[in-house]
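A.B. asks: Sharing a structure here in structure tokens format.
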Amino acid sequence: MSSGFFTTNDGVNIFFKDWGPKDAQPIVFHHGWPLSSDDWDAQMMFFALKGFRVIAHDRRGHGRSDQTDAGNEMDTYAADVIALAKHLDLKNAVHIGHSTGGGEVARYVARSEPGRVAKAVLVGAVPPIMLKTDANPGGLPKEVFDGFRAALLANRAQFFHDVAAGPFYGFNREGAKVSPATVENWWRQGMAGGAKAHYDCITAFSETDFTEDLKAIDVPVLILHGEDDQIVPIDDSARLAIKLVKNGKLITYPGFPHGMATTEAETINKDLLAFIEG
-14 MSSGFFTTND GVNIFFKDWG PKDAQPIVFH HGWPLSSDDW DAQMMFFALK
36 GFRVIAHDRR GHGRSDQTDA GNEMDTYAAD VIALAKHLDL KNAVHIGHST
86 GGGEVARYVA RSEPGRVAKA VLVGAVPPIM LKTDANPGGL PKEVFDGFRA
136 ALLANRAQFF HDVAAGPFYG FNREGAKVSP ATVENWWRQG MAGGAKAHYD
186 CITAFSETDF TEDLKAIDVP VLILHGEDDQ IVPIDDSARL AIKLVKNGKL
236 ITYPGFPHGM ATTEAETINK DLLAFIEG
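Number 201 in this note's numbering belongs to position 216 of the sequence shown; there are no gaps in the numbering.
As structure tokens, this is what we get:
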């Protein structure tokens, strides 16, 4: 099947896409909050046309997957990916995660079965931890994420529009080339998911500590991050994460925003391909 559903142990139906030759090396894409697998269209098409097997799922509570009221935290997200890998019998796969999906990749790869994973990529990703704590003084204060939760409860549709039209793609920067269709596509993906799951996931992406996951990963890791990322500031994410992985490479991009895989797809795809084939 080129798309379909599988059911987790706790009865949640997870939507996935599976394109390309089934004997080709798999590349698995993990989307950010509050989006869906559609956010990877530019990468899915690029790698599918190069003969790879490309796979992406809608995280529970997001996109076309069930709108869950429970299990919206990183351990369960990683367990769902373990179930997906077993369902499709994925071996020697490259796992690529953006933002929240980067945290999901870190936790999954650290817990994956031998032979399932060949490489991992974190793109504008949340690890090691976004929240400001005594151990992470450069993080963002909890009040920032409390503001996200309040805005979601007050008017989720307006909140999602404002994020996409502003900091996510850097469309709030002077001289930015704004794409209204890109904003609408982000909004479409976000509103397809469940409000409860999106609310819970704010805690998951902001408060989960991935330090030990990063240390446990024993495959090559590529970390890509925009230097003008207004959602996940680079100094407290990528520049710390690279120090924790055993075998990592960091590439940063001056002026690139959080959503650079969409706005700067040509550059990102080239660097992903070089890493995968290297």
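Note that beta-carbon positions come from the ideal geometry of N, C-alpha and C, so glycine has one too.
1) Taking 9 Å as the threshold (C-beta atoms), are HIS83 and GLY48 in contact?
2) Which stretch, first to last residue, makes up the beta strand (DSSP E) that contains ASP3?
3) Can you tell me whether SER84 is helix, strand or coil according to DSSP?
4) Taking the alpha-carbon positions, what's the THR85 to PHE190 distance?
5) May I have the straight-line CA-CA distance separating ILE253 from LYS35, to the nearest angstrom?
6) Taking LYS71 as the reference, give the member of GLY100, ALA149 and GLU169 with the closest Cα.
7) Which whole-angstrom value is the C-beta distance of ILE81 and LEU257, which I expect to be below 8 Å?
8) Counting C-beta neighbours from all protein chains within 10 Å, is the total for ASN57 16 or more, i.e. buried, or is it exposed?
9) Is the stretch 145 to 162 close to the stretch 240 to 247, with three or more CB pairs under 8 Å?
10) Based on the DSSP output, what are the partners of PHE(-10) in its beta bridges?
11) According to DSSP, is LYS35 part of a helix, a strand, or is it coil?
12) What residue from LEU225, PRO19 and ASP51 has the CA that sits closest to PHE144's CA?
13) Is it buried or exposed for GLY211, if we count other Cβ within 10 angstroms and need 16 for buried?
14) Could you tell me which of GLY175, VAL94 and LEU199 sits nearest to ILE227, measuring between CA atoms?
15) First and last residue of the beta strand (DSSP E) that includes ILE227?
16) Report the rounded CA-to-CA distance for PRO113 versus VAL163, giving the unit in angstroms.
17) Nearest to ALA64 by CA position, among GLU89, ALA41, LYS76 and ASP43, is which residue?
18) I believe ARG45 touches ASP51 by the beta-carbon criterion, under 8 Å. Please report the beta-carbon distance rounded to the nearest angstrom.
19) Which residue wins for smallest C-alpha separation from ARG224, given the options LEU69, VAL111, ASP26 and THR61?
20) Kindly indicate which three-state DSSP category LEU258 falls into: helix, strand or coil?
21) Which same chain residues, not among the five before or five after ASP23, have their C-beta less than 6 Å away from its C-beta?
22) With a CB to CB cut of under 8 Å and the five nearest residues on each side skipped, what residues in its chain are close to GLY124?
23) Starting from GLY233, trace the beta strand (DSSP E) both ways and give me its first and last residue.
24) Would you kindly work out how many angstroms separate the C-alpha atoms of ILE261 and PRO218, rounded to a whole number?
C.D. replies: So, from the listed chains and residues:
1) no
2) -2 to 4
3) coil
4) 5 Å
5) 15 Å
6) Looking at GLY100, ALA149 and GLU169, the one whose alpha-carbon comes closest to that of LYS71 is GLY100.
7) 7 Å
8) The residue is buried, with at least 16 neighbouring Cβ atoms inside 10 Å.
9) yes
10) PHE0
11) Per DSSP, reduced to three states, the secondary structure at LYS35 is coil, with no helix or strand assignment.
12) Ranking the options by Cα distance to PHE144, first place goes to PRO19.
13) Counting Cβ neighbours within 10 Å, GLY211 comes out buried, since at least 16 surround it.
14) LEU199
15) Neither: ILE227 is in no beta strand (DSSP E) and is coded neither H nor E.
16) 31 Å
17) GLU89
18) Yes, ARG45 and ASP51 are in contact; Cβ-Cβ is about 6 Å, under 8 Å.
19) VAL111
20) helix
21) GLN174
22) ILE114, MET115, LEU116, LYS117, THR118 and ASP221
23) 233 to 238
24) 26 Å
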